[in-house]
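A.B. asks:
Numbering (my numbering), first residue to last: 75 to 513.
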């Protein structure tokens, strides 16, 4: 199972502390050995065989010119090699790091006991990250939200994925947040995407090939015929992106849009379309190397170096609110009876996008009693109390309108007469109102 993403953030933590271990300075012979071994690894695994030879030659040329003479420790050499690989290839997937434990584990991967121990270690590491599922919510209007930091190996994260899929199965629309997803296993993307298509019709999602120590493997990934949750066929789908959306996260957005199954909202993505793998370089170093190419199922294209262009280009910080508003509007177009939902939630979404400024004098003016109810100002926020037992915060929505903490079926409006606060009006979602006169 191949990983389609970046481990650079994790690896960097090791890279930048290596020089502080008191290791002996690298000799010229050791630097040459690393460069030679790295070149051999590139030629055996890089997706573009002809470019692999060019990259290997480029690194050797840097070595011959003395560009690595200043790299006195392994971390510094790894950093220099990473910089030159990325510059020569224009591929952000490349990363060289130092990890002797990885090299040893890789060499021992054919030992069943060692392989099982490593697998369990991976499971525990993923468990601590909830297998990439960072946030599951039901938004206003029965719209599901799925936030993910990465795509875990589904062999490890299947139960978490199944739970997420069941959580969203009764929604009217779904928003997948890939803004801060740096990739991972395309098989997890396949599992989640399968919920959006019929199971009785063949539908390819991705097509790709990769190199594995000189061996070429070609694969296609299709909609899975059996799932742990109900399908969302026909339900509107939205994918949020940012400039940090990477690799498998980009493919999730790209293919769903190509298949006409999702609307992409946010910013252009990073442009890392190639699957990657970690390969040892000698006994201390490793290289993260692009090993293959993926193609979309429609016109066999990809987005390497260009990124995925959103259908609705907005700042990534605003993408969720824009998607939520668009989902409500699309649902209302399909079913006019749901226009009331779009209208009802509009003030809250507007305030979420542009928080209403709070003027202390205005808050002070609304404090008081209203027919058995009370508004106090606590910590600069209005606190609503009923029967001296139930206390909730009121959130300003503008124009004297306030949302009620934890409640979506009614809200309050301040009623003024001759410029003075006269009553508190409860507005229910069905349009009915009740006035509570100020004492």
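Idealized CB from N, CA, C, for every residue including glycine.
Going along the chain, which residues of its own chain have a beta-carbon closer than 8 Å to the beta-carbon of residue 110, five neighbours each way excluded?
C.D. replies: 134.
A.B. asks: Please identify the residue among 480, 487, 277, 418 whose C-alpha is closest to the C-alpha of residue 503.
C.D. replies: Per the Cα distances, 418.
A.B. asks: Please classify residue 456 as buried or exposed, where buried requires at least 16 neighbouring CB atoms within 10 angstroms.
C.D. replies: With 16 or more other Cβ atoms within 10 Å, it is buried.
A.B. asks: Quick one: is residue 153 buried, meaning 16 or more other Cβ sit within 10 Å of its Cβ, or exposed?
C.D. replies: Classification for residue 153: buried.
A.B. asks: Should residue 234 go down as buried or exposed, given a rule of 16 or more other Cβ atoms within 10 Å for buried?
C.D. replies: It counts as buried.
A.B. asks: Touch check for the segment 243-252 and the segment 273-286: three-plus C-beta pairs under 8 Å?
C.D. replies: At 8 Å Cβ cutoff, the stretches do not touch.
A.B. asks: Report buried or exposed for residue 515, applying the criterion of at least 16 other Cβ atoms within 10 angstroms of its Cβ.
C.D. replies: Residue 515 is absent from the structure shown; the chain starts at 75 and stops at 513.
A.B. asks: If contacts are defined as beta-carbon pairs under 8 Å, then residue 100 and residue 130 qualify, I think. What distance do you get, rounded to the angstrom?
C.D. replies: Contact flag wrong, Cβ pair sits at about 20 Å.
A.B. asks: Helix or strand or just coil, what does DSSP make of residue 311?
C.D. replies: In the structure shown, residue 311 sits in a strand (DSSP, three-state: E or B).
A.B. asks: Rounded to whole angstroms, what is the Cα-Cα separation between residue 120 and residue 367?
C.D. replies: Looking at the two C-alpha atoms, the distance is approximately 10 Å.
A.B. asks: Just the C-alpha distance for residue 179 and residue 157, rounded to the nearest angstrom, thanks.
C.D. replies: C-alpha separation (whole angstroms): 26 Å.
A.B. asks: Can you give me the C-alpha to C-alpha distance between residue 189 and residue 139, rounded to a whole angstrom?
C.D. replies: Looking at the two C-alpha atoms, the distance is approximately 41 Å.
A.B. asks: Tell me, please, which residues DSSP counts as bridged to residue 330.
C.D. replies: Bridge partners of residue 330: none, in fact.
A.B. asks: Since residue 207 contacts residue 222 with CB under 8 Å, what's their CB separation in whole angstroms?
C.D. replies: The pair is a contact, with the Cβ atoms about 6 Å apart (cut-off 8 Å).
A.B. asks: With a threshold of 9 Å between beta carbons, is residue 504 in contact with chain B?
C.D. replies: Going by chain labels, chain B is absent from the structure shown, which holds only one protein chain.
A.B. asks: Given this structure, state the Cα-to-Cα distance separating residue 393 from residue 200, to the nearest angstrom.
C.D. replies: Approximately 27 Å between the Cα atoms of the pair.
A.B. asks: Following the continuous beta strand (DSSP E) through residue 257, name the residue where it begins and the one where it ends.
C.D. replies: It spans 257-259 - the beta strand (DSSP E) in which residue 257 sits, taken as one unbroken run.
A.B. asks: Look at the Cβ atom of residue 303, then the Cβ atom of residue 264, and state whether they are nearer than 9 Å.
C.D. replies: Against a cut-off of 9 Å, the Cβ pair of residue 264 and residue 303 comes out as no contact.
A.B. asks: Cα separation between residue 102 and residue 323?
C.D. replies: Between residue 102 and residue 323, the C-alpha separation is close to 41 Å.
A.B. asks: Tell me whether the beta-carbon of residue 490 lies closer than 9 Å to the beta-carbon of residue 471.
C.D. replies: Not a contact, by the Cβ cut-off of 9 Å.
A.B. asks: Once you ignore the five residues that flank residue 92 on each side, which residues in its own chain have a CB closer than 7 Å to its CB?
C.D. replies: With a pLDDT of only 44 at residue 92, under the threshold of 50, the placement of this residue in the model should not be trusted, and no figure is reported.
A.B. asks: Could you check the C-alpha separation between residue 244 and residue 493 for me, to the nearest Å?
C.D. replies: Their Cα atoms are separated by approximately 46 Å.
A.B. asks: Classify residue 202 as buried or exposed, calling it buried when 16 or more other Cβ atoms lie within 10 Å of its own Cβ.
C.D. replies: So residue 202 counts as exposed.
A.B. asks: Could you check if residue 353 is buried or exposed, using at least 16 other CB atoms within 10 Å of its CB as the buried criterion?
C.D. replies: With 16 or more Cβ atoms within 10 Å of its Cβ, residue 353 is classed as buried.
A.B. asks: Under the assumption that residue 401 contacts residue 310 (Cβ atoms under 8 Å), give the Cβ distance between them as a whole number of angstroms.
C.D. replies: That belief holds up - the Cβ atoms of residue 401 and residue 310 are roughly 6 Å apart, short of 8 Å.
A.B. asks: Return the residue from the list 428, 495, 421 that minimises the CA-CA distance to residue 391.
C.D. replies: Nearest C-alpha to residue 391: 428.
A.B. asks: Using 10 angstroms around the beta-carbon of residue 227, count the other beta-carbons present and answer buried if the total reaches 16, otherwise exposed.
C.D. replies: Residue 227 comes out buried.
A.B. asks: Pull up the distance between the alpha-carbon of residue 262 and that of residue 306, whole angstroms please.
C.D. replies: When rounded, the distance between both Cα atoms is 17 Å.
A.B. asks: Along the chain, which unbroken stretches of the beta strand (DSSP E) at least 3 residues long are found entirely within the segment 96-179?
C.D. replies: Complete beta strand (DSSP E) runs here, min 3: 169-172.
A.B. asks: Give me whichever residues DSSP pairs with residue 218 in a beta bridge.
C.D. replies: Its beta-bridge partners are 212, 248.
A.B. asks: Can you give me the Cβ contacts of residue 507 inside the same chain, cut-off strictly under 7 Å, excluding the 5 residues immediately before and after it?
C.D. replies: Cβ neighbours of residue 507 beyond the five flanking positions: 499, 500, 501.
A.B. asks: Enumerate, from N- to C-terminal direction, the unbroken alpha helix (DSSP H) stretches of 4 or more residues contained entirely within the segment 385-437.
C.D. replies: Here the runs fully enclosed are 393-408, 413-427.
A.B. asks: If you reduce the DSSP assignment to three classes, tell me which class residue 269 lands in.
C.D. replies: It is coil, neither helix nor strand.
A.B. asks: Does residue 380 come out as helix, strand or coil in the three-state DSSP assignment?
C.D. replies: If DSSP states are grouped into helix, strand and coil, residue 380 belongs with coil.
A.B. asks: Could you give the distance in angstroms between the alpha-carbon of residue 332 and the alpha-carbon of residue 338?
C.D. replies: Looking at the two C-alpha atoms, the distance is approximately 11 Å.
A.B. asks: From the DSSP output, in three-state form, read off residue 512 for me.
C.D. replies: Residue 512: strand per DSSP, three-state reduction.
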